[in-house]
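Chemist:
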Amino acid sequence: MFQTPDFEENNCANEFPIVTRMLCAITIGVLSLGLMAVLILTDSSSSSLPVSLPTIVQDKLAQSGAENPVTAVLLNFRSYDTLLEIGVLLIVAVAILPRSGALSDSPLVSVVSHAQANPMLEGVLRWLVPMIIVMAGYMLWTGASLPGGAFQSGALLAGAGVLAQLSGRVQFCFTSATAKLLLTIGLITFMGVAVGVATKTGIILQYPTELAGPLILLIESAATLSIAAILLLLYNSLATQTAGISSQPSALADQTAASNASSTDNKTLPSSTREPAP
Amino acid sequence: MTQDLLYCIASIGLFGIGLYGLIVAPHIIRKILAINIMSVGVFMLLVASASTVDSLPDPVLHAMVLTGIVVAIAGTALALFLASSVHTLGRATDEDSH
Amino acid sequence: MDSFLTVDALLPLLVGLPLLAAILTTLLKHHNWRVGVSVAVASIQLIVVVALLAWLSGSWLHDNSPSFDSQHQRYALGGWGAPLGIDLAIDGFSALMLALTAVLTLVLTVYSGGYFSEPRSTVDLGSAPLAAPRPSPSPSPVSDPLLVDKSARFWPLWWLLIMGINGLFLSGDIFNIYVTLEIIGLAAVALVALDGSRASLTAALRYLLVGLLGSLCYLLAVALLYRAYGTLDLAQLSAIAEPTAITWAALALITTGLLLKTALVPLHFWLPLAHGSAPAPVSAILSALVVKTSFYLLARFWLDTLAPAATDYGLLMLGVLGATAIFWGSIQALRAKRLKVMVAYSTVAQLGYLFLLFPLFLFSGNIRESGLNGPAVSAIAYFIVAHACAKAAMFLAAGNIMRTVGHDEVDRLQGLSKVMPLSLFAFAIAGASLIGLPPSAGFIAKWLLLNVAIDTAQWWWVIIILSGGLMAAMYVFRVLSIAFINVDEKVQTEPQSSTNDPLTINDQPMLMSLCAMLLAILTIVLGFNAELILDLVNVGGDV
Chain Y
0 MFQTPDFEEN NCANEFPIVT RMLCAITIGV LSLGLMAVLI LTDSSSSSLP VSLPTIVQDK
60 LAQSGAENPV TAVLLNFRSY DTLLEIGVLL IVAVAILPRS GALSDSPLVS VVSHAQANPM
120 LEGVLRWLVP MIIVMAGYML WTGASLPGGA FQSGALLAGA GVLAQLSGRV QFCFTSATAK
180 LLLTIGLITF MGVAVGVATK TGIILQYPTE LAGPLILLIE SAATLSIAAI LLLLYNSLAT
240 QTAGISSQPS ALADQTAASN ASSTDNKTLP SSTREPAP
Chain B
0 MTQDLLYCIA SIGLFGIGLY GLIVAPHIIR KILAINIMSV GVFMLLVASA STVDSLPDPV
60 LHAMVLTGIV VAIAGTALAL FLASSVHTLG RATDEDSH
Chain S
0 MDSFLTVDAL LPLLVGLPLL AAILTTLLKH HNWRVGVSVA VASIQLIVVV ALLAWLSGSW
60 LHDNSPSFDS QHQRYALGGW GAPLGIDLAI DGFSALMLAL TAVLTLVLTV YSGGYFSEPR
120 STVDLGSAPL AAPRPSPSPS PVSDPLLVDK SARFWPLWWL LIMGINGLFL SGDIFNIYVT
180 LEIIGLAAVA LVALDGSRAS LTAALRYLLV GLLGSLCYLL AVALLYRAYG TLDLAQLSAI
240 AEPTAITWAA LALITTGLLL KTALVPLHFW LPLAHGSAPA PVSAILSALV VKTSFYLLAR
300 FWLDTLAPAA TDYGLLMLGV LGATAIFWGS IQALRAKRLK VMVAYSTVAQ LGYLFLLFPL
360 FLFSGNIRES GLNGPAVSAI AYFIVAHACA KAAMFLAAGN IMRTVGHDEV DRLQGLSKVM
420 PLSLFAFAIA GASLIGLPPS AGFIAKWLLL NVAIDTAQWW WVIIILSGGL MAAMYVFRVL
480 SIAFINVDEK VQTEPQSSTN DPLTINDQPM LMSLCAMLLA ILTIVLGFNA ELILDLVNVG
540 GDV
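Pasting the structure below:
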């Protein structure tokens with residue numbers, strides 16, 4: 000961590016000497032043992048609050064619009080955290096977005112006949128992808144009372160997309176307008192609900208009790224779409240970059256061309272290249 | 000309660016192992032894996048702390064773990080993307096200068 | 000139907016506005032629309048903050064009775080209230096930080112509008128004696144797509160970063176603080192990596208690993224605190240915290256994690272390259288605000304929430320590390336070869352001053368439970384504001400220089416004063432604030448710090464503060480002396496596309512230089528209006 004990490008495979012020459020490693024291990028070991036001792040010695044199950052938090056959750060569960068206490072906490076009691084968390088996903092999505100070039104007008108999903116198509120996988124997917132979509136819908140619906148919810152179903156949908164891309168028959172373009180809308184629909188819906196309920200109840204994110212269930216479902220549906228799109232985008236960018244498939248040039252493929260045209264020493268100064276912006 | 004305490008101790012152990020790997024391992028993928036191990040350790044501590052004696056487990060901690068997992072995914076994805084970009088750039092420069 | 004148009008509703012608005020701007024800039028296609036939306040939102044944010052401050056200081060000043068309704072300072076999101084829900088909370092210190100964020104956001108947004116727009120190629124008119132024979136400017140078709148793409152990425156990331164910063168200052172819940180810390184960390188890393196060059200990517204990767212480590216240490220501490228106390232709310236924790244072993248362990252973990260994020264020596268190794276390789280507005284916001292957010296959390300936990308567990312030894316240790324940072328950062332700044340790396344090391348040094356808060360708080364006579372107010376806190380709050388404006392001005396000036404002459408190696412900047420007088424003047428004024436020359440805000444900040452140190456008879460801190468100012472003078476004057484050398488033929492410029500002609504009326508670079516100048520002048524203005532800020536910090540602490 001203290002020096003430049005190693006990017007080549009299996010290069011063991013950069014390891015610390017054995018003494019440093021021993022010292023590091025002993026220090027970390029002592030600190031961990033200390034923390035374990037603290038945990039063991041202060042193991043008491045009573046909290047310092049007059050009423051413990053799980054009891055409060057149980058009491059207010061009926062008003063929250065969901066029977067699953069975890070969903071109630073995530074989408075009603077502490078919905079602000081979930082809002083910010085979808086924002087975290089958006090940050091990484093924007094950072095990893097492929098370069099918007101000539102392919103920006105392609106539709107989100109397009110069927111291609113790629114040379115590396117995998118017919119076996121493609122055959123299985125004709126059955127599997129619809130089943131996954133139905134399963135994702137089920138997970139979304141059942142999140143109100145059983146384990147499930149937006150993140151789980153979004154992950155399932157993203158998995159279906161990954162399989163589709165692996166089969167070689169389907170290609171995704173995440174710089175299209177549909178894709179951008181999908182990426183942000185979760186946040187837009189969440190914010191819309193947050194402000195909308197405030198006109199009725201007076202406080203941001205306070206759902207009216209009779210509408211709490213449907214509102215939670217609405218937010219979760221939009222969030223599912225967003226999460227699925229973002230997770231699929233993460234996989235897509237990493238896969239196309241490392242495999243060097245030029246169908247979706249990453250932001251850095253052109254950087255490679257630009258930086259190669261100039262100085263060889265690009266280890267320190269961005270300004271040593273001829274790019275306009277430092 | 001002793002069983003949950005065992006999980007708590009194991010989680011601190013995971014955290015320590017991950018920390019050691021982060022500092023000592025030279026390769027970038029190992030460092031990213033070490034961060035993941037550390038986060039698994041923290042999540043395990045959160046889940047183990049959620050057990051109660053006579054009622055359902057504490058849902059607030061479970062919600063924290065869910066949020067934490069999503070944040071860890073985002074961080075890992077960004078780290079992998081940066082690492083693979085550096086690798087791509089470095090490989091291109093090496094090919095050009097030979 | 001309750002009306003939600005009370006002043007309290009301004010608190011979530013400060014988080015909602017940047018989020019709205021982030022969504023809009025993701026969806027919009029053209030750079031100019033994004034800039035328009037961004038400037039509009041930044042202006043509205045500033046108006047909201049000013050309205051909030053005006054109302055809050057009015058109500059705080061008038062209602063000093065013990066039965067003051069503290070609801071006006073908290074906003075229960077979702078209506079549940081702590082410990083079940085998440086509260087937004089504001090006091091004097093965080094109100095000041097919000098104001099600083101709003102002002103810096105507006106200025107830097109305007110600057111970034113110019114920074115990321117496409118340069119117009121103008122004919123070079125009259126600076127022939129300065130320049131070496133120019134090769135043809137870089138062909139536009141190569142540069143344009145990259146710039147458009149950078150602009151497309153910059154604005155959503157920028158607004159998400161601002162949302163994270165606002166969310167952190169407003170947050171009243173320790174797990175919510177974790178999520179905002181992650182937002183800030185990931186957005187900052189993505190912004191540092193915006194260039195796509197190998198140096199900036201490596202620096203961003205190192206910053207990311209350090210940031211994730213820091214956040215994980217913080218999350219482990221949150222887990223320990225929940226195990227011990229059963230609540231996640233800052234106000235409730237400060238009421239029931241006790242000096243037990245688990246609290247001490249949690250505080251130690253929080254400190255380790257946040258020290259990594261604040262880049263205090265010896266954990267500062269990631270900062271110079273990360274701040275030095277980022278685009279100029281990104282470096283400005285990183286040095287001015289992002290490192291201050293984790294410092295704000297440290298101050299909050301040590302002096303307010305977990306104050307019973309804060310040992311005297313720990314407070315002194317933080318002060319000693321701060322003093323080391325002042326010296327080490329200044330020495331490295333003297334040795335730096337690039338201008339932006341020098342300014343980044345200067346940040347490392349100035350952050351050391353901030354950590355003098357802890358030992359000064361120890362002896363300044365405050366009762367431990369009185370929260371974040373007192374003479375030491377006022378001095379440090381003022382220092383944060385002064386440093387933020389000065390450092391942002393410096394980075395903007397350095398960015399202008401780099402954009403104009405194509406490089407930022409200090410030794411090759413001779414004669415720069417003829418080419419870019421405005422940016423260099425901004426740099427000089429900002430440097431004067433860092434050194435602590437009157438009448439700048441830096442002078443007032445150092446004066447307040449010296450007062451507290453002398454009042455509590457800690458003479459060694461006085462020596463450290465004064466010698467730190469001396470060393471800052473050395474590295475600032477090093478740059479200025481090289482730049483003001485009056486040698487006509489020695490300016491080695493590698494010409495970029497257009498923007499280095501002072502005779503041509505070209506809007507964008509003038510705007511960028513003006514932004515740098517504005518921030519620098521702000522440090523002087525703050526130097527004359529010290530009471531404004533000090534009152535704000537002190538007033539909110541009584542509740």
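Protein chains in written order, with numbering that gives the first Met the number 0: chain Y, 0 to 277; chain B, 0 to 97; chain S, 0 to 542. Each residue gets a CB set at the ideal place from its N, CA and C atoms; glycine is no exception.
1. Since D58 of chain Y meets chain B, which of its residues come closer than 7 Å, beta carbon to beta carbon?
2. So with Cβ pairs under 7 Å, would you call L219 of chain S a contact of chain B?
3. Quick one: residues in its chain with C-beta nearer than 8 Å to the C-beta of L145 of chain Y, no 5 flanking neighbours on either side, listed in chain order?
4. Counting only Cβ pairs nearer than 9 Å, list the residues of chain B close to T201 of chain S.
5. Between L288 of chain S and A387 of chain S, how many whole angstroms is the CB-CB distance? I'm expecting something under 8 Å.
6. By a C-beta neighbour count over all protein chains shown, 10 Å radius and 16 as the cutoff for buried, is L83 of chain Y buried or exposed?
7. Can you name the start and end residues of the alpha helix (DSSP H) that V106 of chain S belongs to?
8. Ends of the alpha helix (DSSP H) at Y19 of chain B?
9. Tell me whether Q170 of chain Y sits in a helix, a strand or coil according to DSSP, three-state version.
10. Name, please, each residue of chain Y whose Cβ falls closer than 8 Å to the Cβ of G15 of chain B.
11. From which residue to which residue does the alpha helix (DSSP H) around S329 of chain S run?
12. Please report whether the beta-carbon of G74 of chain B lies at a distance below 7 Å from any beta-carbon of chain S.
13. Buried or exposed for I532 of chain S, going by 16 or more other Cβ atoms inside 10 Å?
14. Tell me whether S245 of chain Y sits in a helix, a strand or coil according to DSSP, three-state version.
15. Looking at L412 of chain S: is its Cβ nearer than 7 Å to the Cβ of A332 of chain S?
16. Measuring only between beta-carbons, confirm whether L55 of chain B sits less than 7 Å from chain S.
17. Note down, in chain order, every chain Y residue with its Cβ under 9 Å from the Cβ of Y6 of chain B.
18. Can you find a CB in chain B that lies within less than 7 Å of the CB of I504 of chain S?
19. To the nearest angstrom, how far is the alpha carbon of F14 of chain B from that of S38 of chain B?
20. If the cut is a Cβ gap below 7 Å, which residues of chain S does N75 of chain Y touch?
21. Are there 16 or more other CB atoms within 10 angstroms of the CB of Y288 of chain Y, so buried, or fewer, so exposed?
22. Report the three-state DSSP secondary structure of S84 of chain B (helix, strand or coil).
23. Excluding the five sequence neighbours on either side, which residues of its own chain have a C-beta within less than 7 Å of the C-beta of V192 of chain Y, listed in chain order?
24. At a Cβ cut of 8 Å, what residues of the region 274-291 of chain S count as close to chain Y, listed as they run along the chain?
25. Check whether the region 93-103 of chain S touches the region 74-94 of chain Y, counting contact only when three or more Cβ pairs, one atom from each stretch, lie closer than 8 Å.
26. Under three-state DSSP, which class holds A354 of chain Y?
27. In angstroms with no decimal places, state the Cα-to-Cα distance between G12 of chain B and I434 of chain S.
28. If you scan the region 190-216 of chain Y from start to end, which runs of the beta strand (DSSP E) of 3 or more residues do you find wholly inside it?
29. The beta strand (DSSP E) with S109 of chain Y in it runs from where to where?
30. Take V281 of chain S and list the residues in its own chain whose beta-carbon comes closer than 6 Å to its own, dropping the five residues that flank it on each side.
31. Touch check for the region 9-16 of chain S and the region 45-52 of chain S: three-plus C-beta pairs under 8 Å?
32. Closer than 8 Å by beta-carbon distance: list the chain B residues that pair up with A94 of chain Y, in chain order.
33. For P4 of chain Y, tell me which candidate among B:A9, B:Q2, B:G20 has the shortest Cα-Cα distance.
34. Since V38 of chain S contacts L19 of chain S with CB under 8 Å, what's their CB separation in whole angstroms?
35. For D303 of chain S, decide whether its Cβ has a neighbour in chain Y, counting only Cβ atoms nearer than 7 Å.
36. Output, in chain order, the set of chain B residues within a Cβ distance shorter than 7 Å of F628 of chain S.
Modeler: Put simply:
1. Position 59 of the first sequence holds residue 58 of chain Y. Chain B residues near D58 of chain Y: none, gap ~12 Å exceeds 7 Å.
2. By one-based count along the third sequence, residue 219 of chain S stands at place 220. Yes, contact with chain B.
3. The residue labelled residue 145 of chain Y in the question sits at position 146 within the first sequence. So the list reads N67, once near-sequence residues are dropped.
4. On the third sequence, position 202 is the one that residue 201 of chain S refers to. Under the 9 Å cutoff, chain B gives L81, V85.
5. Start at 1 with the first residue of the third sequence, and residue 288 of chain S comes out as number 289. Start at 1 with the first residue of the third sequence, and residue 387 of chain S comes out as number 388. About 6 Å separates the two Cβ atoms, so the contact holds.
6. Locating residue 83 of chain Y in the first sequence gives position 84, where the first residue counts as 1. Classification of L83 of chain Y: buried, given that the 10 Å Cβ count is 16 or more.
7. Within the third sequence, residue 106 of chain S is the residue found at index 107, counting from 1. Here the alpha helix (DSSP H) through V106 of chain S covers 91-114.
8. Position 20 of the second sequence, counted from the start, is the residue given in the question as residue 19 of chain B. Its alpha helix (DSSP H) spans residues 1-23.
9. Start at 1 with the first residue of the first sequence, and residue 170 of chain Y comes out as number 171. Three-state DSSP puts Q170 of chain Y in a strand.
10. For the purposes of this step, residue 15 of chain B is taken as the residue at position 16 of the second sequence. Near G15 of chain B (Cβ distances below 8 Å), the residues of chain Y are I27, G28, L30, S31.
11. By 1-based counting over the third sequence, the position of residue 329 of chain S is 330. That run of the alpha helix (DSSP H) goes 311-334.
12. Counting from one through the second sequence, the residue named residue 74 of chain B turns up at place 75. At least one chain S Cβ lies under 7 Å of G74 of chain B.
13. Position 533 of the third sequence holds residue 532 of chain S. With 16 or more Cβ atoms within 10 Å of its Cβ, I532 of chain S is classed as buried.
14. By one-based count along the first sequence, residue 245 of chain Y stands at place 246. Caution is warranted here: a pLDDT of 38 is assigned to S245 of chain Y, below 50, making its placement in the model unreliable, and no coordinate value can be reported.
15. To locate residue 412 of chain S, count along the third sequence from 1; it is residue 413. To locate residue 332 of chain S, count along the third sequence from 1; it is residue 333. In this structure, A332 of chain S does not lie closer than 7 Å to L412 of chain S by Cβ.
16. Reading the second sequence from its first residue, position 56 is the one you call residue 55 of chain B. Cβ-Cβ to chain S under 7 Å: no for L55 of chain B.
17. For this step, residue 6 of chain B is matched to residue 7 along the second sequence. Within chain Y, no residue comes near Y6 of chain B; the closest Cβ sits about 11 Å away, beyond 9 Å.
18. On the third sequence, residue 504 of chain S is found 505 positions in, with the first residue counted as 1. Per-residue confidence for I504 of chain S stands at a pLDDT of 29, beneath the threshold of 50, marking its modelled position as unreliable; no derived number is given.
19. Translated into the one-based positions of the second sequence, residue 14 of chain B becomes position 15. Translated into the one-based positions of the second sequence, residue 38 of chain B becomes position 39. So the alpha carbons of these two residues sit roughly 7 Å apart.
20. The residue labelled residue 75 of chain Y in the question sits at position 76 within the first sequence. Near N75 of chain Y (Cβ distances below 7 Å), the residues of chain S are G77.
21. Given a span of 0 to 277 for chain Y in the structure shown, any question on residue 288 of chain Y remains unanswerable.
22. Along the second sequence, read from residue 1 onward, the residue named residue 84 of chain B stands at position 85. Helix, per DSSP.
23. On the first sequence, position 193 is the one that residue 192 of chain Y refers to. L214, L217, I218.
24. S276, P278, A279
25. no
26. The shown model of chain Y, from 0 to 277, leaves out residue 354 of chain Y, and the question about it has no answer.
27. The residue labelled residue 12 of chain B in the question sits at position 13 within the second sequence. The residue labelled residue 434 of chain S in the question sits at position 435 within the third sequence. Spanning the two alpha carbons is a distance of roughly 47 Å.
28. none
29. Looking up residue 109 of chain Y in the first sequence gives position 110. Its beta strand (DSSP E) spans residues 108-110.
30. Here residue 281 of chain S is taken as the residue at index 282 of the third sequence, counted from 1. Counting only Cβ-Cβ distances below 6 Å, and skipping sequence neighbours, we find L190.
31. yes
32. As a position in the first sequence, residue 94 of chain Y is number 95, starting the count at 1. Neighbours of A94 of chain Y on chain B, chain order: L77, F80.
33. In the first sequence, counting from the first residue as 1, residue 4 of chain Y sits at position 5. That would be B:G20, whose Cα lies nearest to the Cα of P4 of chain Y.
34. Sequence index remark: in the third sequence, residue 38 of chain S carries index 39 (1-based). Sequence index remark: in the third sequence, residue 19 of chain S carries index 20 (1-based). Incorrect: roughly 14 Å between the Cβ atoms, too far for contact.
35. As a first step, residue 303 of chain S is located in the third sequence; it is residue number 304 there, counting from the start. Not an interface residue.
36. As displayed, chain S neither begins before 0 nor continues past 542, which places residue 628 of chain S out of reach and without an answer.
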